[in-house]
Amino acid sequence: TAADLSDGQQPFYRDGNQVLLDDGSQRLTIDHVAFGYELLANKAALGAKLFGVSASQDPISLAQLQEYIWDARPDLVVEIGTECGGLASIMAELQQLSGTEGLVLTVDISPQGYAPWAHEHCESRRGDSTLWQRHLANGRLRPLLRDTRQWGCPCESGIERQGSLPYCVCASTDQELEQIVASAAKGAERIMVIDDSSHFKDDVVINFELLAPFVTRGSYYVVMDTRLDRLCETVRRLGYPLSNGFNPGEQVKCDYYIDNGPAAGVAALFRESALARSKFRIDRAAERMVLGSNPGGWLHAL
Numbered sequence: 086t087a088a089d090l091s092d093g094q095q096p097f098y099r100d101g102n103q104v105l106l107d108d109g110s111q112r113l114t115i116d117h118v119a120f121g122y123e124l125l126a127n128k129a130a131l132g133a134k135l136f137g138v139s140a141s142q143d144p145i146s147l148a149q150l151q152e153y154i155w156d157a158r159p160d161l162v163v164e165i166g167t168e169c170g171g172l173a174s175i176m177a178e179l180q181q182l183s184g185t186e187g188l189v190l191t192v193d194i195s196p197q198g199y200a201p202w203a204h205e206h207c208e209s210r211r212g213d214s215t216l217w218q219r220h221l222a223n224g225r226l227r228p229l230l231r232d233t234r235q236w237g238c239p240c241e242s243g244i245e246r247q248g249s250l251p252y253c254v255c256a257s258t259d260q261e262l263e264q265i266v267a268s269a270a271k272g273a274e275r276i277m278v279i280d281d282s283s284h285f286k287d288d289v290v291i292n293f294e295l296l297a298p299f300v301t302r303g304s305y306y307v308v309m310d311t312r313l314d315r316l317c318e319t320v321r322r323l324g325y326p327l328s329n330g331f332n333p334g335e336q337v338k339c340d341y342y343i344d345n346g347p348a349a350g351v352a353a354l355f356r357e358s359a360l361a362r363s364k365f366r367i368d369r370a371a372e373r374m375v376l377g378s379n380p381g382g383w384l385h386a387l
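What the sequence shown shows, in my numbering, is residues 86 to 387, in sequence order.
Next up, the structure:
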């Protein structure tokens, strides 16, 4: 079982203290079952597919996201953390199938000078690249590389300089990133943001303050993988293996997220951010399926 959380973090999952089984020999709450799912999903289920495309998500988290995008029909989705582009491809396809005239703006960095989605491993990790190529070509999907003053810009078009990759745009600073998002947001009626980037607490806070103002009333800012803070404590304590789910070539240890992950970031936001406290609330009702990677991470814009 997971180590106990602080009072402010309990229950970790929606209705997590609800008892499902108590027969005298064993007592199981929703939180116990959800934590078991975390361990199982982390071991064997992070390659869930939709339309033949792997999204690097567990099946329930992917199902929850696709339900929301289909029902709410956001015409601008800003995804922070492209990796190989699987989830971005799926979201662009859902926009098209639902009849939404929209855009998926997917943001990442270019470590070691390459765009993560162009890495040689991504062709196999996506499973099927048809949607990725289709929506790049039709303009529904627009990759954007940030902090290129530090990382470099391998794109043909961009604020910073010319390069070699088609379709993508570069922003050398966060100010330029904000300008690009603001331009894409003009005329959009329903905007959501998904932070699936580094998952470090400080980055969660920085990304929120930068991009949460674009989220339209009634939509969501989703902080992904809030499960990591607790999961990684258990990984260290019990020695469970944790596969590298980050950009190819990067080495990130699970230990880094203990008290420093996305759940800690969300807690910091609602403790310290005037924007979070006045314009957002944690929407546990959005966690309809209970299980998944983002407990307490669905932030509803008021």
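Beta carbons: idealized from backbone N, C-alpha and C, even for Gly.
Checklist entry - Does the distance from the C-beta atom of L316 to that of E123 stay below 8 Å? => result For this step, residue 316 is matched to residue 231 along the sequence shown. For this step, residue 123 is matched to residue 38 along the sequence shown. Yes, the pair counts as a contact, with Cβ atoms nearer than the cut-off.
Next on the checklist: Give me the residue from I279, S283, E274 with the minimum Cα distance to K338.
Outcome noted: What you label residue 338 is simply residue 253 of the sequence shown in a count that begins at 1. Of the candidates I279, S283, E274, the residue whose Cα lies closest to the Cα of K338 is S283.
Item to check | For I343, three-class secondary structure by DSSP | outcome: Within the sequence shown, residue 343 is the residue found at index 258, counting from 1. In this structure, I343 counts as coil in the three-state DSSP scheme.
Next on the checklist: On the DSSP letters alone, give me the boundaries of the beta strand (DSSP E) that V189 sits inside.
Outcome noted: Mapped onto the sequence shown, residue 189 falls at position 104. Looking at the DSSP string, the run of the beta strand (DSSP E) that includes V189 is 188-193.
Checklist entry - Can you give, in chain order, each stretch of the alpha helix (DSSP H) that sits fully within the region 269-313 and has at least 4 residues? => result Counting only runs that start and end inside the region 269-313, the alpha helix (DSSP H) elements of at least 4 residues fall at 286-296.
Checklist entry - Among F136, W383, Q218, N379, which residue has its Cα nearest to the Cα of L119? => result Mapped onto the sequence shown, residue 119 falls at position 34. Note that residue 119 is Ala in the sequence shown, not Leu. Distance check between A119 and each of F136, W383, Q218, N379 places N379 closest, using alpha-carbon atoms only.
Next on the checklist: Between C255 and L221, how many whole angstroms is the CB-CB distance? I'm expecting something under 8 Å.
Outcome noted: Here the question's residue 255 lines up with position 170 in the sequence shown. Here the question's residue 221 lines up with position 136 in the sequence shown. Going by Cβ atoms, the distance from C255 to L221 rounds to 16 Å, so no, they are not a contact pair.
Checklist entry - Mind checking A129: buried by the 16 CB within 10 Å criterion, or exposed? => result The sequence position of residue 129 within the sequence shown is 44, counting from 1. Burial call: exposed.
Next on the checklist: Going by DSSP, what residue range makes up the beta strand (DSSP E) through V163?
Outcome noted: Position 78 of the sequence shown, counted from the start, is the residue given in the question as residue 163. Per DSSP, the continuous beta strand (DSSP E) segment holding V163 begins and ends at 161-165.
Next on the checklist: Rounded to the nearest angstrom, what separates D232 and T258 at their Cα positions?
Outcome noted: Locating residue 232 in the sequence shown gives position 147, where the first residue counts as 1. Locating residue 258 in the sequence shown gives position 173, where the first residue counts as 1. Between D232 and T258, the alpha-carbon positions lie close to 5 Å from each other.
Item to check | Assigned exposure category for L106 - 16 Cβ within 10 Å defines buried | outcome: Sequence index remark: in the sequence shown, residue 106 carries index 21 (1-based). L106 should be labelled exposed.
Item to check | Alpha-carbon to alpha-carbon, G212 and I276 | outcome: What you label residue 276 is simply residue 191 of the sequence shown in a count that begins at 1. What you label residue 212 is simply residue 127 of the sequence shown in a count that begins at 1. Taking the Cα positions, I276 is about 28 Å away from G212.
Checklist entry - Any idea if E168 is buried or exposed, counting beta-carbon neighbours within 10 angstroms, 16 or more meaning buried? => result Locating residue 168 in the sequence shown gives position 83, where the first residue counts as 1. Result: buried.
Next on the checklist: Can you tell me whether E137 is buried or exposed? The criterion is at least 16 other CB atoms within 10 Å of its CB, across all chains shown.
Outcome noted: To locate residue 137, count along the sequence shown from 1; it is residue 52. A small correction: the amino acid at residue 137 is Gly; Glu does not occupy that position in the sequence shown. Flag for G137 reads exposed.
Checklist entry - Who are the near neighbours of T311 in its chain, counting only those whose CB is closer than 7 Å to its CB and skipping five residues on each side? => result In the sequence shown, the residue the question calls residue 311 occupies position 226. Annotation for T311: P347, A348, V351, N379, P380, G381, G382 place their beta carbon closer than 7 Å to its own, counting only its chain and skipping 5 residues before and after.
Next on the checklist: Closest to T191 by C-alpha separation, out of D156, A361, L172, A267, would be which residue?
Outcome noted: By one-based count along the sequence shown, residue 191 stands at place 106. When only C-alpha atoms are compared, the closest one is L172.
Item to check | Beta-carbon contacts of D314 that lie in its chain and below 8 Å, excluding the five residues immediately before and after | outcome: Within the sequence shown, the letter at position 229 stands for residue 314. Setting aside the 5 residues that flank it on each side, D314 is surrounded in the same chain by Y342, I343, D344, N345, G346, P347, A348, A349, each with a C-beta closer than 8 Å to its C-beta; the list follows chain order.
Next on the checklist: Taking the beta strand (DSSP E) that D107 belongs to, which residues open and close that run?
Outcome noted: Along the sequence shown, read from residue 1 onward, the residue named residue 107 stands at position 22. Its beta strand (DSSP E) spans residues 104-107.
Next on the checklist: With a threshold of 7 Å on Cβ separation, who are the neighbours of S214 within its own chain once the five nearest residues in sequence on each side are excluded?
Outcome noted: By 1-based counting over the sequence shown, the position of residue 214 is 129. Correct list, in chain order: E208.
Checklist entry - Can you tell which of A371, S195, V290, L387 has its C-alpha closest to the C-alpha of D100? => result Within the sequence shown, numbered from 1, the residue matching residue 100 stands at position 15. Residue A371 holds the alpha-carbon nearest to the alpha-carbon of D100 among A371, S195, V290, L387.
Next on the checklist: Is the separation between the beta-carbon of A270 and that of P239 shorter than 8 Å?
Outcome noted: As a position in the sequence shown, residue 270 is number 185, starting the count at 1. As a position in the sequence shown, residue 239 is number 154, starting the count at 1. Inclusion of A270 and P239 in the CB contact set at 8 Å is not warranted, their separation being larger than that value.
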